[in-house]
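Accompanying notes for the structure given below.
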Amino acid sequence: MVKFDHIIHYVNRLEEVERTPVLPIHSGGRHERFGTVNLLSYFDYRYVEYLAIEDEAVFTQHLKDGNESFAGTIDSLNYEEGFIRYALSTDDIEGLDERFRAHGFSVEGPVEMERTTNGETISWKLLYVQHDKEIFPFFIQWNEPEAQRMKRIEALRGDFIGPSITVRHDVEDIHLWESFYDVLGIWEGQIDDYTRVELSRNAKPSITLEVGTDGESVVYKGAIYKFI
């Protein structure tokens, strides 16, 4: 039903990521509606999104509008650098909307989104499962055929390396998170063939990204990267 798509790493200054990246940078663009800018590091179809605020006035206005988004997540986490949220991809975002509502979750969306990169506009839909305390993954449905998207990514990234990825996630209410994944039919943490999520209970939530490829484990701009 879903696959791991990407994880958002919020940073204060994107140019610092461009100068001293922990992963190769392959692309980037702007979210004009939200006043944010990003850089993307692809493993294959999965990637890390480095996200920063570019236009504070636009960003602040979006927050005042009160819509659920990654902008609200940044604000709720007090603009601290680090991993803030991850996305799961789907080809049936309306169906997920209905399923989560049927299980009593509060849902926002689907929301139409787009970014512009070198004059090219890429669009998608987002769905958010809301909660007062927990920051759940959000869902993304790309508005382009998957084969076309893979070809576009391969042109940016080169050969896919397909590493195993484990998202180690400390959460406050582990039972609520288990209920979230129950809706998706994910009971043992296996999101897709190459990606797992490992939940642990902790009063102070955090995310560690563990990647099965060569590299030096590091705390980089508030985020923990482990290469195994």
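FYI, the numbering for the sequence shown is 1 to 228, going by full-length UniProt numbering.
We put the CB at the ideal spot given by N, CA and C, even for glycine.
CB-CB under 7 Å to residue i, same chain, minus the five flanking residues each way: which ones, in chain order?
i: Ile122; result: Glu114 and Arg115
i: Val183; result: Arg99, Phe100 and His103
i: Ile74; result: Tyr10 and Ile84
Return the chain-ordered list of same chain residues with a C-beta closer than 8 Å to the C-beta of residue i, the five sequence neighbours on each side being excluded.
i: Glu80; result: Tyr10 and Gly222
i: Asp97; result: Val107, Gly109, Pro110 and Leu127
i: Ser76; result: Ile135
Quick one: what's got a C-beta closer than 6 Å to residue i's C-beta in the same chain, skipping five residues either side?
i: Arg196; result: Thr166, Gly189 and Gln190
List the DSSP bridge partners of residue i.
i: Lys125; result: Glu112 and Gln141
i: Gln190; result: Arg196
i: Gln130; result: Ser106
i: Asn202; result: In the DSSP output, where bridge partners are listed per residue, Asn202 has none listed.
i: Gly28; result: Leu39
i: Thr3; result: Note that residue 3 is Lys in the sequence shown here, rather than Thr. According to DSSP, which records beta bridges pairwise, Lys3 is partnered with Ser89.
i: Leu51; result: Tyr10 and Asn38
i: His169; result: Leu199 and Ile207
i: Ile135; result: Partner(s): none; Ile135 has no beta bridge.
i: Tyr225; result: Leu209 and Val218
i: Gly162; result: DSSP lists no partner for Gly162.
From residue i to residue j, what does the alpha carbon distance come to, in whole angstroms?
i: Ser41; j: Gly158; result: 12 Å
i: Tyr220; j: Val171; result: 21 Å
i: Asp193; j: His26; result: 24 Å
i: Leu150; j: Tyr45; result: Note that residue 150 is Met in the sequence shown, not Leu. Going by the C-alpha atoms only, they are around 7 Å apart.
i: Gln141; j: Val218; result: 31 Å
i: Phe43; j: Phe34; result: 26 Å
i: Tyr225; j: Tyr86; result: 15 Å
i: Gln148; j: Ala155; result: 11 Å
i: Ile8; j: Asp55; result: 18 Å
i: Ala102; j: Ile53; result: 35 Å
i: Gln130; j: Ile93; result: 15 Å
i: Glu112; j: Gly185; result: 26 Å
i: Ile84; j: Glu146; result: 26 Å
i: Ile207; j: Val48; result: 13 Å
Between the options, which lies nearest to residue i when the distance is taken from Cα to Cα?
i: Asn143; options: Val22, Asp214 and Lys125; result: Lys125
i: Asn12; options: Ile25, His169, Pro24 and Tyr50; result: Tyr50
i: Pro205; options: Lys64, Glu120 and Gly82; result: Gly82
i: Glu216; options: Pro137, Val22, Glu15 and Phe105; result: Val22
i: Phe138; options: Leu63, Thr208, Ala71 and Glu120; result: Ala71
i: Gln61; options: Thr36, Asn78, Phe180 and Val48; result: Thr36
i: Ser164; options: Arg201, Glu210 and Ser200; result: Glu210
Which word fits residue i, buried or exposed, when buried means at least 16 other C-beta atoms lie within 10 angstroms of its C-beta?
i: Gly28; result: buried
i: Ile228; result: exposed
i: Trp187; result: exposed
i: Ser69; result: buried
i: Asn38; result: buried
i: Pro24; result: exposed
i: Asp5; result: buried
i: Ile161; result: exposed
i: Thr90; result: buried
i: His175; result: exposed
Taking 9 Å as the CB-CB limit, is residue i close to chain B?
i: Leu127; result: Judged by its chain identifiers, the structure shown contains no chain B, having just a single protein chain.
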